[in-house]
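So the sequence lines, in the order shown, correspond to chains Y, Z and G. Here this note's numbering = 1-based position in the first sequence + 756. Here this note's numbering = 1-based position in the second sequence + 756. Here this note's numbering = 1-based position in the third sequence + 756.
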Amino acid sequence: MAENPEKIKKVSIIVSRGSLDGIYPGLIMANGARMEGIDVNLFFTFFGLYAILKKYNNSIKIATVGNPAMRVPDAKGLPLPTIVGILPGMSAFATWMMKKEMDKIDIPPIPEMLAMIDDAGGNIYACKATVDMFHLTKDDFIPQVKRVLTVGEFYELSAGAQIIFT
Amino acid sequence: MAENPEKIKKVSIIVSRGSLDGIYPGLIMANGARMEGIDVNLFFTFFGLYAILKKYNNSIKIATVGNPAMRVPDAKGLPLPTIVGILPGMSAFATWMMKKEMDKIDIPPIPEMLAMIDDAGGNIYACKATVDMFHLTKDDFIPQVKRVLTVGEFYELSAGAQIIFT
Amino acid sequence: MAENPEKIKKVSIIVSRGSLDGIYPGLIMANGARMEGIDVNLFFTFFGLYAILKKYNNSIKIATVGNPAMRVPDAKGLPLPTIVGILPGMSAFATWMMKKEMDKIDIPPIPEMLAMIDDAGGNIYACKATVDMFHLTKDDFIPQVKRVLTVGEFYELSAGAQIIFT
Numbered sequence: 757m758a759e760n761p762e763k764i765k766k767v768s769i770i771v772s773r774g775s776l777d778g779i780y781p782g783l784i785m786a787n788g789a790r791m792e793g794i795d796v797n798l799f800f801t802f803f804g805l806y807a808i809l810k811k812y813n814n815s816i817k818i819a820t821v822g823n824p825a826m827r828v829p830d831a832k833g834l835p836l837p838t839i840v841g842i843l844p845g846m847s848a849f850a851t852w853m854m855k856k857e858m859d860k861i862d863i864p865p866i867p868e869m870l871a872m873i874d875d876a877g878g879n880i881y882a883c884k885a886t887v888d889m890f891h892l893t894k895d896d897f898i899p900q901v902k903r904v905l906t907v908g909e910f911y912e913l914s915a916g917a918q919i920i921f922t
Numbered sequence: 757m758a759e760n761p762e763k764i765k766k767v768s769i770i771v772s773r774g775s776l777d778g779i780y781p782g783l784i785m786a787n788g789a790r791m792e793g794i795d796v797n798l799f800f801t802f803f804g805l806y807a808i809l810k811k812y813n814n815s816i817k818i819a820t821v822g823n824p825a826m827r828v829p830d831a832k833g834l835p836l837p838t839i840v841g842i843l844p845g846m847s848a849f850a851t852w853m854m855k856k857e858m859d860k861i862d863i864p865p866i867p868e869m870l871a872m873i874d875d876a877g878g879n880i881y882a883c884k885a886t887v888d889m890f891h892l893t894k895d896d897f898i899p900q901v902k903r904v905l906t907v908g909e910f911y912e913l914s915a916g917a918q919i920i921f922t
Numbered sequence: 757m758a759e760n761p762e763k764i765k766k767v768s769i770i771v772s773r774g775s776l777d778g779i780y781p782g783l784i785m786a787n788g789a790r791m792e793g794i795d796v797n798l799f800f801t802f803f804g805l806y807a808i809l810k811k812y813n814n815s816i817k818i819a820t821v822g823n824p825a826m827r828v829p830d831a832k833g834l835p836l837p838t839i840v841g842i843l844p845g846m847s848a849f850a851t852w853m854m855k856k857e858m859d860k861i862d863i864p865p866i867p868e869m870l871a872m873i874d875d876a877g878g879n880i881y882a883c884k885a886t887v888d889m890f891h892l893t894k895d896d897f898i899p900q901v902k903r904v905l906t907v908g909e910f911y912e913l914s915a916g917a918q919i920i921f922t
């Protein structure tokens with residue numbers, strides 16, 4: 757290992773998945789970076805866009821179906837068989853439990869978390885290709901979304917940054 | 757932030773998922789990078805390998821089941837309940853709609869997109885461990901696949917690059 | 757491209773998914789990095805935590821449901837229709853087949869692979885927020901887990917490293 761390795765100074769975090777467990781890691785890494793004084797660009801693309809859509813970002817669920825790791829959120833409890841994931845309502849139940857646990861350890865809901873990152877100086881962007889594909893306009897997004905960016909603009913903004921695709 | 761932060765000059769993009777929404781982000785980032793003059797290595801591993809398999813890469817679908825964010829591709833429409841995802845045919849329907857929208861904004865199908873990236877000078881590789889595990893040979897892949905690489909070779913090729921795992 | 761691009765010297769690999777196909781890529785990249793003399797920090801978060809839980813990490817399955825790329829592990833065989841993924845037992849069957857194939861090419865089960873990475877000098881960490889959310893303690897983890905880290909500590913440890921989120 758190099759002596760005096762260079763500290764992380766800037767991150768470009770991409771959020772591409774639309775489930776609760778797909779969105780939170782990127783938000784937590786963005787928030788943690790700002791708390792360390794690291795520059796942050798948060799870029800939402802594909803189904804990750806749901807996190808910044810005014811109409812949807814407060815009702816996002818965990819991906820239980822197709823997630824064989826999904827057991828009761830308390831890993832010490834009895835694991836539920838995978839098949840439970842396909843019962844209607846199961847995703848809502850697991851989501852409710854997880855949100856309750858997140859609340860206890862002070863992880864705020866998605867809209868509040870985005871406002872916090874924005875307040876702390878993080879920059880929030882939406883991906884142009886996805887915006888066009890889903891026929892969205894600036895009005896569909898939460899006010900913290902700064903701009904709609906092309907992939908080229910994303911790379912330019914990422915000069916000197918670690919790119920983290922979540 | 758450092759003044760004059762260093763521009764992104766090279767990216768090593770790994771595609772590891774096998775669904776349409778798992779494959780496209782890597783391809784779009786690879787294509788966007790080449791358009792900016794950024795060097796590109798595209799590395800396909802695990803189920804991401806389906807993207808470069810001649811027999812399969814034109815029939816890849818969206819992951820509707822287990823994707824609670826999946827609603828009608830036009831996010832302004834009425835969201836479909838999660839349970840719809842498990843109905844047979846739903847994935848095919850959502851895939852058809854998404855492909856139609858992608859076509860409108862000039863995002864080509866996977867095989868054409870890979871040919872485009874190759875033409876633009878991007879390098880396409882397959883992961884040796886996955887190739888061995890699935891008993892594949894060079895003949896199973898599209899002609900644009902340059903070589904089958906070990907993880908060690910991947911790291912060597914990534915000297916000076918940002919590694920982006922999608 | 758710069759002449760003499762800088763070799764990858766250190767990687768910080770994050771494992772965030774809890775399925776077999778979500779966990780292995782990070783482990784294979786960590787192991788491959790150590791074999792090349794690259795420094796490795798492996799950080800487990802969200803459902804990725806299952807990989808280091810003593811009680812669960814030997815019974816992790818493939819995500820068949822919701823994974824439209826999932827066909828018979830041998831890609832040359834007949835593809836199974838997506839709907840098969842929701843049949844109980846299918847995930848177990850696909851997992852069994854994949855494990856058999858991995859064994860043939862000398863990819864060890866998750867617990868052995870983690871011991872190997874630890875023996876080779878890789879550092880294994882758990883994410884504090886997830887540990888708190890799931891009410892876990894150090895005792896729930898395999899002995900190779902060095903410490904529970906905050907996101908801030910993760911960034912500090914990642915100085916000079918490529919961050920790879922899998």
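Cβ coordinates follow ideal geometry from the N, Cα and C atoms, glycine included.
Nearest-angstrom Cα separation, counted from residue j out to residue i
{"i": "Z/P761", "j": "Y/A917", "result": "8 Å"}
{"i": "G/M869", "j": "Z/Y881", "result": "25 Å"}
{"i": "Z/F921", "j": "Y/N797", "result": "17 Å"}
{"i": "Z/A801", "j": "Z/L783", "result": "Note that residue 801 of chain Z corresponds to Thr in the displayed sequence, not to Ala. Straight-line Cα distance between these residues: approximately 14 Å."}
{"i": "Y/P853", "j": "Y/L776", "result": "Here residue 853 of chain Y turns out to be Met, not Pro, going by the sequence shown. So the alpha carbons of these two residues sit roughly 12 Å apart."}
{"i": "G/M826", "j": "Z/T851", "result": "Unreliable placement is indicated for G/M826, whose pLDDT of 46 sits below 50; no coordinate value is reported for it."}
{"i": "Y/L805", "j": "Y/A915", "result": "23 Å"}
{"i": "Z/A789", "j": "G/K894", "result": "43 Å"}
{"i": "Y/F803", "j": "Y/T906", "result": "16 Å"}
{"i": "Y/G833", "j": "G/F890", "result": "Per-residue confidence for Y/G833 stands at a pLDDT of 37, beneath the threshold of 50, marking its modelled position as unreliable; no derived number is given."}
{"i": "G/K902", "j": "G/N879", "result": "7 Å"}
{"i": "G/K765", "j": "Z/C883", "result": "21 Å"}
{"i": "G/I794", "j": "G/Y911", "result": "18 Å"}
{"i": "G/I755", "j": "G/A885", "result": "Examination of residue 755 of chain G is not possible in this model, given that chain G is present from 757 through 922 alone."}
{"i": "G/L913", "j": "Y/L913", "result": "24 Å"}
{"i": "Y/F849", "j": "Y/I919", "result": "34 Å"}
{"i": "Z/E892", "j": "G/P781", "result": "The amino acid at residue 892 of chain Z is misidentified as Glu; the sequence shows Leu. Each residue's Cα considered, the two are about 18 Å apart."}
{"i": "G/A871", "j": "G/F799", "result": "15 Å"}
{"i": "Z/A831", "j": "G/K763", "result": "Only weak support is given to the placement of Z/A831: the predicted model assigns it a pLDDT of 36, under 50, and the question is left unresolved by the model."}
{"i": "G/V904", "j": "Y/V904", "result": "37 Å"}
Proximity winner among the options, relative to residue i (alpha-carbon distances)
{"i": "Y/L816", "options": "Y/R773, Y/A786 and Y/R790", "result": "Note that residue 816 of chain Y is Ile in the sequence shown, not Leu. Per the Cα distances, Y/R773."}
{"i": "Y/K810", "options": "Y/I794, Y/D896 and Y/G782", "result": "Y/D896"}
{"i": "Y/V767", "options": "Y/T906, Y/M858, Y/G877 and Y/I866", "result": "Y/G877"}
{"i": "G/P899", "options": "G/I770, G/D875 and G/I794", "result": "G/D875"}
{"i": "G/A807", "options": "G/G788, G/I770, G/A789 and G/D795", "result": "G/I770"}
{"i": "G/I779", "options": "G/E912, G/C883 and G/P865", "result": "G/P865"}
{"i": "Z/P867", "options": "Z/N813, Z/V904 and Z/D859", "result": "Z/N813"}
{"i": "Z/M858", "options": "Y/K855, Y/I863, Y/V887 and Y/I764", "result": "Y/V887"}
{"i": "Z/K856", "options": "Z/L892, Z/K763 and Z/I818", "result": "Z/I818"}
Below-7 Å beta-carbon distance, residue i vs any chain B residue
{"i": "G/Y911", "result": "The structure shown has no chain B; the protein chains it does contain are Y, Z and G."}
Contact check, residue i vs residue j, beta carbons under 7 Å
{"i": "G/I861", "j": "G/A786", "result": "no"}
{"i": "Y/G908", "j": "Z/E909", "result": "no"}
Residues that DSSP places opposite residue i in a beta bridge
{"i": "G/Y881", "result": "G/F799 and G/R903"}
{"i": "Y/S730", "result": "Residue 730 of chain Y lies beyond the residue range present for chain Y, which begins at 757 and ends at 922; the question has no answer from this structure."}
{"i": "Y/L809", "result": "Y/F897"}
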